[in-house]
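For the sequence shown, our numbering begins at -19 and goes up steadily by one.
Heads up, the thing below is written out as structure tokens.
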Amino acid sequence: MSTRRGMTICALLIVIAVSSGLVAAQSVTPEQMLKQIFTAEAVSGDWFSPAFLAQVPVAQLNDIIRQYRAALGALEDVQGNAPVFKLTFSKGYVTSQIVLDSAGRVAGFFLGPPEPRVSGLDNALDGFRELPGKASVLVVSQAGVLAALNPELPLAVGSAFKLAVLAALKDQIAAGALAWDDVATLEAGHISLPSGILQAWPVGSPLTLHTLASLMISVSDNTATDALIALLGRELVEKYTALNRPLLTTREAFALKSPANDDYLKAYRQGDAGQRRGVLKRLQSLPLPDVGSFTGPQALDVEWFFTPSELVNLMAAVQDLPVFSINPGVASPDNWQHIAFKGGSEPGVINLTTWLVGRSGTNYCAVATWNNDEVLDEVQFVGLYSGILRQLAEMDAK
-19 MSTRRGMTIC ALLIVIAVSS GLVAAQSVTP EQMLKQIFTA EAVSGDWFSP
31 AFLAQVPVAQ LNDIIRQYRA ALGALEDVQG NAPVFKLTFS KGYVTSQIVL
81 DSAGRVAGFF LGPPEPRVSG LDNALDGFRE LPGKASVLVV SQAGVLAALN
131 PELPLAVGSA FKLAVLAALK DQIAAGALAW DDVATLEAGH ISLPSGILQA
181 WPVGSPLTLH TLASLMISVS DNTATDALIA LLGRELVEKY TALNRPLLTT
231 REAFALKSPA NDDYLKAYRQ GDAGQRRGVL KRLQSLPLPD VGSFTGPQAL
281 DVEWFFTPSE LVNLMAAVQD LPVFSINPGV ASPDNWQHIA FKGGSEPGVI
331 NLTTWLVGRS GTNYCAVATW NNDEVLDEVQ FVGLYSGILR QLAEMDAK
């Protein structure tokens, strides 16, 4: 559940003009441009076209570059063939894509998540141990546990709870009670806040269950999720999660977190399971809160709580479904036969859960969660997670 995308991975379209004292535009190479971007004291507005600056201010770009340099240290090397390059820093790596136009200006620029240098999975967990707040990690293969940090610690996981909804849906279809091509009608009570796209669709829209599930997983569509919970029934989905009773819809979670609904939140916090269900019924008459009211971590006890072990088991149950073919998440498709990914985030919460089938045919799953009462450095977290996936890819290739 998020009013923004489920994870932060920087993807930037950048058009660069040349200022005095730098490499001449006509002779600059992609490698030189990358070195220039990451070694200059600050990125200058003179490097960019008005079209780019209208979308990405120089201050924002400088913030991004500073984040990468703070996480990875000094740039040491640039290797690759245009447009794809591997950037090596003193403390890690980044995959980048860069395209120059005929005048030597950057027409396209993509940065993947920063990957720390680590030697083995145990070393890869060190960065998670140093995170403020609470963190948990579990890395397994079909042979057993490969690495773990607080594997039985329940933490808020945001939209990763949608794996439980998907597991319930899959079982109902397997039992013959539902079918992927069954059509559900979008109702007013299903409409939630982003992430997703269905919140902008007209009430009454017909949608297949496959479409709802695909949107729920690939773009973490909150409205699609609430429509599926309504179809399946809250109590049925609760059978797939021991710690979340009553199971919140995303709309209910937003309502409880809204500063305008403090009385409802207080009643919910003080109530037992039955009283909480009563509060949720009362919420149904409230309008959706203003998306602008969610700025930082708010009511992190109003969430969905799972241990890494539970997420591994849920992912194992659903990873074979085609809905996972749309968004591979953090993992590189070049390294794996099959990827199934679901993440989740809100201010103060982030989770990444990935099922992987290696070129060797071995199954792996990597789960990482971080909770803190302050805004999280998601770039750092994704980088640490990428380090785990790199280690698994290298392990699988041996």
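Glycine residues also receive a C-beta, built at the ideal position from the N, C-alpha and C atoms.
Asked: Cβ contact (3+ pairs, closer than 8 Å) linking the stretch 141 to 159 and the stretch 236 to 244; Found: no
Asked: Beta carbon proximity, F304 to chain C, threshold 9 Å; Found: Any reference to chain C falls outside this structure, which holds one protein chain only.
Asked: Rounded separation between I17 and V337 - CA only; Found: 36 Å
Asked: Contact under 9 Å by Cβ, L294 with A147; Found: yes
Asked: Span separating the alpha-carbon of L266 from that of F234; Found: 11 Å
Asked: Nearest-angstrom Cβ-Cβ length linking A311 and L369, presumed shorter than 8 Å; Found: 5 Å
Asked: Sequence-distant residues of the same chain with beta carbon closer than 6 Å to V329, five excluded per side; Found: A136, G138 and N351
Asked: Reduced DSSP secondary structure (H/G/I, E/B, other) of P186; Found: strand
Asked: Counterpart residues of S325 in DSSP-defined beta bridges; Found: I330
Asked: Alpha carbon of V3 to alpha carbon of K15, nearest angstrom; Found: Note that V3 scores a pLDDT of 45, beneath 50, so its modelled location is shaky; the value from the coordinates is reported in the next line. In a straight line, the C-alpha of V3 is about 11 Å away from that of K15.
Asked: Residues of its chain near A279, where Cβ-Cβ distance is below 8 Å and the 5 sequence neighbours each way are ignored; Found: L236, K237 and L245
Asked: Burial state of K322 (16 or more Cβ within 10 Å); Found: buried
Asked: Residue burial classification, G1 (beta-carbon count within 10 angstroms, cutoff 16); Found: Its pLDDT being 40, under 50, G1 is placed unreliably in this model, and the value from its coordinates should be taken loosely. G1 is exposed by the Cβ-count criterion.
Asked: D57 (DSSP reduced to helix, strand or coil); Found: strand
Asked: Unbroken beta strand (DSSP E) run spanning F65, endpoints; Found: V64 to F69
Asked: Alpha carbon of R225 to alpha carbon of V145, nearest angstrom; Found: 14 Å
Asked: Those residues which DSSP pairs with I319 across a bridge; Found: L336
Asked: Endpoints, beta strand (DSSP E) assigned at T349; Found: N343 to N351
Asked: Beta strand (DSSP E) segment containing G251, residue limits; Found: Note, G251: premise wrong, no beta strand (DSSP E); not H, not E.
Asked: Spatially closest choice to P94 from S185, L67 and R85, by CA coordinates; Found: L67
Asked: Euclidean distance between Cα positions of D81 and A87; Found: 6 Å
Asked: Check whether G124 and S366 have beta carbons under 9 Å apart; Found: no
Asked: The stretch 176 to 195 in contact with the stretch 111 to 126 per 3-pair CB rule at 8 Å; Found: no
Asked: Under the three-state DSSP convention, the category F304 falls into; Found: helix
Asked: Cutoff 7 Å; reference L101; Cβ partners in own chain excluding five residues on either side; Found: V119, L126, A127, I368 and Q371
Asked: Cβ separation of N42 and A62, assumed to be a contact under 8 Å, to the nearest whole Å; Found: About 25 Å separates the two Cβ atoms, so there is no contact after all.
Asked: Local conformation of Y365 per DSSP, three classes; Found: helix
Asked: Counted within 10 angstroms of its Cβ, other Cβ atoms place D161 as buried (16 or more) or exposed; Found: exposed
Asked: Short Cβ contact (9 Å threshold) for W335 with F304; Found: yes
Asked: Own chain partners of G341 with C-beta closer than 8 Å, once the 5 adjacent residues on each side are dropped; Found: Q317
Asked: Y48 beta carbon less than 9 Å from that of L271; Found: This sequence places Val at residue 271; Leu is not what is there. Contact: no.
Asked: Limits of the alpha helix (DSSP H) - the one that A235 falls within; Found: T230 to K237
Asked: As assigned by DSSP and simplified to three states, the class of A41; Found: Looking at the sequence provided, one finds Leu at residue 41 rather than Ala. Three-state result, L41: helix.
Asked: Assigned exposure category for E232 - 16 Cβ within 10 Å defines buried; Found: buried
Asked: Q77, enclosing beta strand (DSSP E) - first and last residue; Found: G72 to L80
Asked: Of the residues Y73, L52 and A51, the one placed nearest G60, counting alpha carbons only; Found: Y73
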